[in-house]
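Undergrad: Residue numbers (mature numbering (1 follows the signal peptide of the UniProt record, and there is no 0)): -30 to -1, 1 to 372.
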Amino acid sequence: MSPSVRRPRAVLAALALAATAIVTTAGSNADEPAVTIRGADSPDAIAGSYIVVLAGQRTQAETRATTASLASSYDVEVRDQYAASIKGFSAGMTEEQAKKVAADQRVAFVQQNQKITVSQDDPPWGLDRSDQRDLPLDKKFEASSTAGNVNVYVIDTGIYAAHKDFGGRAAVGADTVGDGQNGVDCHGHGTHVAGTVAGTTYGVAKGAKVFGVRVLDCQGSGSTESVIGGIDWVTKNAKKPAVANMSLGGVADDALDAAVKASVGAGITYAVAAGNESSDACASSPAREPSAITVGATDDRDQKASFSNWGKCVDLFAPGVGVLSAGITGPDATDTMSGTSMASPHVAGGIALYLADHPDATPADVTTALVGASTPDKVGDPGTGSPNKLLYVGKVDPAAPR
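1. Who are the near neighbours of residue 15 in its chain, counting only those whose CB is closer than 7 Å to its CB and skipping five residues on each side?
2. Quick check on residue 282: does DSSP put it in helix, strand or coil?
3. Does DSSP put residue -28 in a helix, in a strand, or in coil?
4. Would residue 72 and residue 6 qualify as a contact pair, given that the criterion is a beta-carbon distance under 8 Å?
5. Assign residue 215 to buried or exposed, taking buried as 16 or more other Cβ atoms, counted over all protein chains shown, within 10 Å of its Cβ.
6. Distance, Cα to Cα, residue 176 vs residue 302?
7. If you draw a straight line from the C-alpha of residue 401 to the C-alpha of residue 115, how long is it?
8. So who's on the other strand from residue 145, going by DSSP bridges?
9. Can you check which of these residues, 296, 217, 270, 185, is closest to residue 202 by C-alpha distance?
10. On the DSSP letters alone, give me the boundaries of the alpha helix (DSSP H) that residue 227 sits inside.
11. Since I believe residue 23 is in contact with residue 232 (beta carbons under 8 Å), could you give me their beta-carbon distance rounded to a whole number of angstroms?
12. Are at least three pairs of beta-carbons, each pair with one atom in the stretch 273 to 286 and one in the stretch 249 to 259, less than 8 Å apart?
13. May I ask you to list the residues that DSSP assigns as paired with residue 19?
14. Would residue 314 be called buried (16 or more neighbouring beta carbons within 10 Å of its own) or exposed?
15. Give me the Cα-Cα distance between residue 237 and residue 189, rounded to the nearest whole angstrom.
16. Suppose you measure from the CA of residue 105 to the CA of residue 309; what does that come to, to the nearest Å?
17. If you scan the stretch 326 to 365 from start to end, which runs of the alpha helix (DSSP H) of 4 or more residues do you find wholly inside it?
18. Quick one: what's got a C-beta closer than 7 Å to residue 318's C-beta in the same chain, skipping five residues either side?
19. Out of 226, 271, 192, 117, which one is the CA nearest neighbour of residue 322?
20. Return the chain-ordered list of same chain residues with a C-beta closer than 8 Å to the C-beta of residue 373, the five sequence neighbours on each side being excluded.
21. For residue 207, does the three-state DSSP call read helix, strand or coil?
22. Suppose contacts are defined by Cβ-Cβ distances below 8 Å. Is residue 21 in contact with residue 225 by that definition?
23. Could you check what DSSP says for residue 1 in three-state terms: helix, strand or coil?
24. Since residue 147 contacts residue 131 with CB under 8 Å, what's their CB separation in whole angstroms?
25. Apart from the five residues on each side of it in sequence, which residues of its chain come closer than 8 Å, Cβ to Cβ, to residue 46?
26. Distance check for residue 277 and residue 209, CA to CA, integer angstroms please.
27. Helix, strand or coil for residue 170 per DSSP?
28. Taking all protein chains shown into account, decide if residue 271 is buried (16 or more other Cβ within 10 angstroms of its Cβ) or exposed.
29. Out of 312, 287, 363, point me to the one whose CA is closest to residue 348's CA.
30. In the DSSP assignment, find the unbroken alpha helix (DSSP H) run with residue 99 in it and report its ends.
31. Under 8 Å by Cβ, that's how I've got residue 275 and residue 262 pegged, so tell me the actual separation to the nearest angstrom.
32. Check whether the Cβ atoms of residue 221 and residue 164 lie closer than 8 Å to each other.
33. Residues in the same chain with beta-carbon distance under 7 Å from residue 362, minus the five sequence neighbours each way, listed in chain order, please.
34. So, at 7 Å on beta carbons, what are the nonlocal neighbours of residue 36 in its own chain, with the 5 sequence-adjacent residues on each side left out?
35. Work out the CA separation of residue 149 and residue 34 for me, nearest whole Å.
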C-alpha cells in the first residue's frame, strides 16, 4: 500500500500477498496434477513458512487430529493451529514438503506465509461529520447510545489500555506476535484505531468495551500467520454483541479472506479498511471479502481521499483524513493520522451503536442497516463502481427510513 499522511509520519496497513504461483510436486510425473502454492512468488513471502488450510468441514478435534497426521506424514513443524476461523495450521517446512502437503487430498490449499506491515500515510471532525447529513459541521456529536453492552475487538498493533480516553474499558485480548510485548501497543496504530471506535473523547461508541488483538509488531510488521491467529482468537473468544475492526489489508489472499468469512459466519461483524493504493478495492484482502463491511475514506470536504481505494467492493465511506485520536506516549497523548485505517473504525463504532440497540442482529442485518442508513450522494468523486454512501450514526435509529 502506498503511504498516506500522518502527523507525526505514519502509515495505514499493508499486506503483501501476491498472485498464486503454479508449481509441481518434486519428483512428480506427467500424469500427476499441478500443485498450487499460493503466494510463493510474492516479494514478501517468508521462506520456510506456510499456512495449510484443510479441506471439508471438521470439528476442532478432527482438525487437531488431521493436523497431527499431516505433520507426522510429512515431517513438518506445526507452529500454530486454527480451528475457529479457518480449519488448518501454520508450519515450518521446506518448499518440497509444502508441495507434498498441498497435494494431499485432506488439504484445500497451502499458502506461503507473508510479511504484513502497517503503514499510514470540540469533537474530532470525523465524529462531527458522522452524526449529521450535511455540511457545515455543527460542532456537536450526538449518538443514540454509548454502546456499553458491546464488545469491540481491534485486530492491529495492540493497545495502550492505560490511556485515559478508554476510561478503564480497554484491555489486551491476545497477542500472536510473541515478542514479549504481551499485547501492549508499541507502534501507535492500534491504539489510535481503538480510540476512534470507543474513546470517551475521540470515539463513536463511547461506552463500548475494547480489546486489543495484537497481530503486528513494534514496527507495524507481522505475517499472515499472526493475523489469522488473531482472527481465530476473536472467533473463539468474542463475547456478543461483538464487532471486529481490521485496519490492515493488501492484495488478494484466499486464506485471510476465508478466516474473516468464517468469523463473520460465527456472528461477529467486521469493518475493514478498503486500502490506500487509490485503486480497485476488489484487488485487496480482506477488503474484497463480501461478508465484511469495507470502508473507503473521505476528507473534511466530503471528497474521496486521494489515497482511498474505491470500487464495487467498497460498502460505504467514512472520515479518514487528519483524524485525531489516542496516542501511546502517555495517558493523555494524542496523534493525528490519515488513511482508510482511520475510516474503518468510524464504521466499527457505528456498528457498535447499532448492536447496542439490536444485540441479536446478524452481521448481514447490521450491514443492511448501516449501509441503508448512510447518507447518499455526498461523496465527491467516489471512484468507478463505488457506492456514493457516507456513514451516518445520528440519533435516529439506523434501521429507520430517512
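Note that beta-carbon positions come from the ideal geometry of N, C-alpha and C, so glycine has one too.
TA: Reading from the atomic positions:
1. Cβ-Cβ distances below 7 Å link residue 15 to 9, 82, 84 in the same chain, with the five nearest sequence neighbours on each side left out; the list follows chain order.
2. The answer is coil: DSSP assigns residue 282 none of H, G, I, E or B.
3. Confidence at residue -28 is low in this model, with a pLDDT of 35, below 50, so its placement is unreliable and no value can be given for it.
4. Cβ distance < 8 Å, so residue 72 and residue 6 count as in contact.
5. With 16 or more other CB atoms across the displayed protein chains lying within 10 angstroms of its CB, residue 215 is buried.
6. Cα to Cα, residue 176 sits roughly 16 Å from residue 302.
7. The structure shown does not extend to residue 401, since the chain is modelled only from -30 through 372, so no value can be given for it.
8. According to DSSP, residue 145 bridges with 184.
9. Residue 185 is the option with its Cα nearest to residue 202.
10. Annotation for residue 227: the continuous alpha helix (DSSP H) segment containing it runs 224 to 235.
11. The pair is not a contact, with the Cβ atoms about 11 Å apart (cut-off 8 Å).
12. Segment contact: the stretch 273 to 286 against the stretch 249 to 259, three or more CB-CB distances shorter than 8 Å; contact assigned.
13. 62.
14. That one is buried.
15. The straight-line gap separating the alpha-carbon atoms of residue 237 and residue 189 is approximately 32 Å.
16. Answer to the nearest angstrom: the Cα atoms are 21 Å apart.
17. Correct list: 333 to 343.
18. Here the set comprises 122, 167, 213, 215, 241.
19. Ranking the options by Cα distance to residue 322, first place goes to 117.
20. With the chain running from -30 to 372 in the structure shown, residue 373 is simply not present.
21. The answer is helix: DSSP assigns residue 207 an H, G or I state.
22. Taking the C-beta atoms as reference points, residue 225 is found nearer than 8 Å to residue 21.
23. Low local confidence applies: a pLDDT of 46 at residue 1 is under 50, so the model's placement there is unreliable, with the coordinate-based value given in what follows. If DSSP states are grouped into helix, strand and coil, residue 1 belongs with coil.
24. Taking a contact as a CB-CB distance under 8 Å, the pair residue 147 and residue 131 does not count as one, their CB atoms being some 16 Å apart.
25. Cβ neighbours of residue 46 beyond the five flanking positions: 40, 61, 62, 63, 67, 71.
26. C-alpha separation (whole angstroms): 35 Å.
27. Residue state for residue 170 is assigned as coil, using DSSP reduced to three classes.
28. Under this definition residue 271 is an exposed residue.
29. Nearest of 312, 287, 363 to residue 348, Cα basis: 287.
30. Looking at the DSSP string, the run of the alpha helix (DSSP H) that includes residue 99 is 95 to 100.
31. Wrong, their Cβ atoms sit about 20 Å apart, outside the cutoff.
32. Contact: no.
33. Same-chain partners within the cutoff: 100, 103, 343, 344, 345.
34. Around residue 36: 24, 28, 76.
35. The alpha-carbon atoms of residue 34 and residue 149 are separated by roughly 26 Å.
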